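Following my numbering, the residues of the sequence shown are numbered contiguously, the last one being 1850.
The C-beta atom is built at its ideal place from N, Cα and C for all residues, glycine as well.
Just so you know, these numbers come straight off a predicted model, no measurement behind them.
The structure appears right after this line, and notes come after that.
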Amino acid sequence: MKKVLLTVFVVFQLGFTFAQNKTGILGIVLDAKTQLPLAFVTVSIQNTNAMQLTAADGKFSFEENSGGDQLLLFRSQGYKDALIPVTIEAGKLLDLGTIMLEEDEISDQQRSLIRLFENDLTDDNSGSESTSGLLQSSKDAFQQAAAFNWGQARFRIRGLDSENATTMINGVSMNKVYDGRPQWSNWGGLNDATRNQEFTIGTAPSDYAFGGILGTQEINTRASIYRTGTRITISGTNTNYRGRVMGTFASGMSSSGWAFVVSAGKRYAQEGHFEGTTYDANSLFLSVEKRLTDSHSLNFTGFYTPNSRGKNSPNTAEVTELTSKNYNSYWGYQNGKQRNAREKNIEEPILMLNHYFKINDHSNLNSSVMYQFGKIGNSNLDYQNANSPDPTYFRKLPSYYTSLYGSDEGEYSGAFTPDFENAEKSRIQFLANPQIDWDAMYKANQIPISDSNGNITGYEAAKSYYVLYEDRTDDETMVASSNFNTQLNENLILNVGGSFKDLKSHNYQKLLDLLGGAYFEDIDGFYGGDQAQSDLNNPNRQVVVGDAYGYNYKYSATIFEAFSQFRFAYDRIDFYLAQSFSATNYQREGLYKNGIYETISFGKSQKVGFENFGFKGGVLYKISGKQSVNFNGAHLTKAPTIRNTFPNSRLNNSITDGLQSETINSLDATYVFRLPKLKARLTAYYSTIKNATKTSFFYAEGIFDNGAGYTNTNAFVSQTLTHFDRKNIGGEFSFEYQLTSTIKTSVSAGYGEFTYDSNPNVSINNDALASVENTKPAFDFGKPILKNYKQAGNPQQAYGFGIDYRDPKYWWIGTNINYLADNYIDVSPIARTNGFYINPASGFPFPEATEERARELLKQERFDPVVLLNVIGGKSWRINGKNLGLFVSINNLVDTTYKTGGYEQARNANFRQLNQDVSSGTPSFGNKYYYGYGRTYFVNLNFNF
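Rendered as structure tokens:
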């Protein structure tokens, strides 16, 4: 008898106890360090429909499962996945005993790095940023490489922008109505608070939304699901900020039904990686849940993350050679301190209330209301009847003199007449004064006061010729949404959701600083008479600090969205079908009667409406417990954004001609192979976006110049492309292999062909031609030859190899090497129209224009490939029941200099201008580039208790 009892006891300790008459698996999941139970761990039997969450005591159990060899997957945010092979025998209940999950220290610490590469690539005052933030929750090796290793080089998954993904918090879409992209900084610096995430790739089904063709991200801030405890983090880096502190406390659910989470953080830098780039960001988060009954809970969530940062300029090769890749023309010294003229300030609190209703064991209804308000400001310098304050203005650089040509001689180009003497003087002058001269602007705005002897004793404020202003957006957004899911039977799950979004947006130019002056005239110095007036209802205004001037208008928008999704699951095959509908309405209301557009600027525009549909489906075939293949396809239409609907919104109510919804198609196929020590994924994808509209805002640098170069003719213009198609084809490969219990290797690869797939229409709004009769003075440049040009701004090839060592004593070190290639310049559409070959003076082709030379001039620049070597390491300690963790990373270890993006300047819009500029050898209007960080470090110390 004693032998029998002993045998049973030993078998139980080994975790293999069998019970008769039941077939299944059971066990308990614990934290490997603390030995405490882990709740809400997702436990699934691979390639079957069996999935559940662990209970509060960490326990799980599957019953009535088919026997045979299976793979059991354990997954929880912040922990390493555990994949365990099991053999289930019919009529027996397999007790796995205790399953230990180890914290995924590397991924958890890398999460802190994701925010370091989110500077805007363009200076279009957009409130949105890159796609890297989408990838925080993924555990796929390819996704990890894309976010943490390739993100610094602007790699984008499948070549798609974040407007093609849906980012949600508690079931509410956070994509901005203005441009369709999320504003990551609205919850920036709150890594602990936003760590509970789900991410679907491509058009794979999501429980929360129909989603976009890039994917769906759901951030869950329900207070009761956070791991109980306190976490303090201190970080140092040399990227866009220098230091960070952050603290988070989660109470867990109390016996009285209350749970709350509080998090706060600060990031700061007097100067970031690039010269003159300040950084100041504060972050506050609160989540409070009240469990009303076993079926009902209410949860309040609040975010408040005011942040400010100084921008850095794109530079021509000439400017970089004269200075450095870290040079920034946007700042200068004032009273011995750095001052950046172009700062981005964001302050948009989010308040959210969620109701969680568990109808029964098979059905749930989650409803949300969200209110967001606040401001986004992008500062800049304005000037009238004065020289440009930009130290890199083309007339101030040596290339202006070394690229001079004489006047045309009839139909032929004038002679090359470089002025090397003045070029050298210009070079010396620029190097002596390479930054914004704030003192000079203050003096220009003041009148000197002299004594009786003619000596200057002081200065008196006068009319300002230079001022600092900001492009200001004050938004109010209200959203109501609801999501219902139910398991209709053992094979079918239904998801239904709907939302209504209402936006009220006030956009205006706000005067921030008169720079020592007394007032600024609210006129456009490029025009005269009534056309110079910003507001004919209040002409000849003299504005002061705090006043709106220049432009002033409102947007209103309403969006209704609904989707339904049917998910079918069977032993060998799963499939889903989903459909969506949306109704979108926009309207602009002008608050100024602009002198150029006096008949169409003041009051409300006509309403613009769109109705759109989407359909998607997919099939997953389970070859075995280790292998599967799946196919996804989607066809949908999508309303253009407000940004693209009103092409000249600052001045009038005009609507883009030929505006229509985008048509989007997507296909992908994936093969997955998984073993306890090996994980591999191979994906091929194909997507098209047709009939898109793209509105770009930029300073045209004299595209309509009268040649004087004295008044501010570098006007802010809008360029609109319509019937603009794009095509993205490529593949992804992800491979991980656990060589030993301590060493893991990974290989990641992405190859894409991202091209423009049409020759769109292009027009640029020329306000100088506007009149009462001509209210749409858009200059039609015709159809640019863009088809088969490469999409710009991200590497289309990326390859990485990594190796990690994790010591059983909780320290680790890893390295990865990455190769990124096929990144291209953003081309100028107007230089690729038929007008490029035509002499505007005569209307005839330039006699020197040949197709061979044109191909050379218009060849799209491809940036040099880049190799990036990164090293990471860390250590964690268990001290008196508390955890202390250290993480260190060095990116771009060998300090490689590389370009991350750039664009062709639009000044040289015809063959002769561009040919002369390039042939000079020192182009005055060369391409402008953004550069990646050099060698950077990140040190993170966290304390958990």
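Contact annotation: Leu1420 and Val1450 have beta-carbon atoms that are not nearer than 8 angstroms. Each of Asn1396, Pro1689, Leu1408, Phe1179 was checked against the Cα of Ala1474, and the nearest Cα belongs to Asn1396. Under the criterion of beta carbons closer than 8 angstroms, Lys1216 and Glu1248 qualify as touching, at roughly 7 angstroms. When only Cα atoms are considered, Asn1796 and Pro1211 end up about 28 angstroms apart.
Under the criterion of beta carbons closer than 8 angstroms, Thr1568 and Lys1595 qualify as touching, at roughly 5 angstroms. Ranked by Cα distance from Asn1250, the first of Asp1379, Ala1337, Tyr1276 is Asp1379. In this structure, DSSP gives Gly1056 a helical state, which the three-state scheme calls helix.
For Thr1627, the three-state secondary structure derived from DSSP is strand. By DSSP's assignment, Lys964 forms a beta bridge with Ile933.
Within a 10 Å sphere around the beta-carbon of Gln1057 sit 16 or more other beta-carbons, which makes this residue buried.
Distance from the CA of Tyr1710 to the CA of Ile1722, rounded to the nearest whole angstrom, comes to 15 angstroms.
Taken through DSSP and simplified to helix, strand or coil, Val1077 comes out as strand. For the pair Asn1664 and Thr1138, the CB atoms are not nearer than the 8 angstroms cut-off. Counted as a single uninterrupted DSSP element, the stretch harbouring Arg1477 is not any beta strand (DSSP E), since DSSP gives it neither H nor E.
Contact between the region 1328-1348 and the region 1313-1320 is not established, with fewer than three Cβ pairs separated by less than 8 angstroms.
In this model, Asp986 and Leu1006 are separated by some 8 angstroms (Cα to Cα).
DSSP lists no bridge partner for Leu1691. Look at Asp1822 here: in three-state DSSP terms it is helix.
DSSP places Leu1256 in the strand class (E or B) of the three-state scheme. Contact annotation: the region 1560-1580 touches the region 1101-1119, with at least three C-beta pairs closer than 8 angstroms. For the options Val934, Arg1059, Gln957, the alpha carbon positioned closest to that of Pro1700 is the one of Arg1059. Under the three-state reduction of DSSP, Asp986 is assigned to coil, being neither helix nor strand. Asn1091 sits in a helix when the DSSP states are folded into three classes. DSSP places Ser1592 in the strand class (E or B) of the three-state scheme.
By the CB criterion at 8 angstroms, Leu1001 and Ile993 fall outside the cutoff. When the five nearest sequence neighbours on each side are left out, the beta carbons in the same chain lying within less than 7 angstroms of the beta carbon of Thr1805 are those of Ala1058, Arg1059, Tyr1835, Tyr1836, Gly1837, in order along the chain.
By the neighbour-count criterion, in which a residue is buried when 16 or more other Cβ atoms sit within 10 angstroms of its Cβ, Trp1782 is exposed.
Taken atom to atom, the span from the alpha-carbon of Ile1264 to that of Leu1270 is near 7 angstroms. Taking 8 angstroms as the cut-off, the Cβ atoms of Ala1544 and Ser1487 count as close. Under DSSP, Gln1470 takes part in a beta bridge, and its partners are Asn1400, Ala1483. Positions of the beta strand (DSSP E) runs, each at least 3 residues long and wholly inside the region 1253-1310, are given as 1255-1265, 1268-1288 in order along the chain. In the three-state DSSP reduction, Phe1507 falls in the coil class, being neither helix nor strand. Taking C-beta atoms under 8 angstroms as the contact rule, Gly1519 and Leu1541 qualify, at a distance of about 3 angstroms. Here DSSP, grouped into helix, strand and coil, assigns Asn1101 to coil. Per DSSP, the continuous beta strand (DSSP E) segment holding Asn1212 begins and ends at 1212-1215. A contact is defined here as three or more CB-CB pairs under 8 angstroms, and the region 1741-1751 meets this definition with respect to the region 1803-1822.
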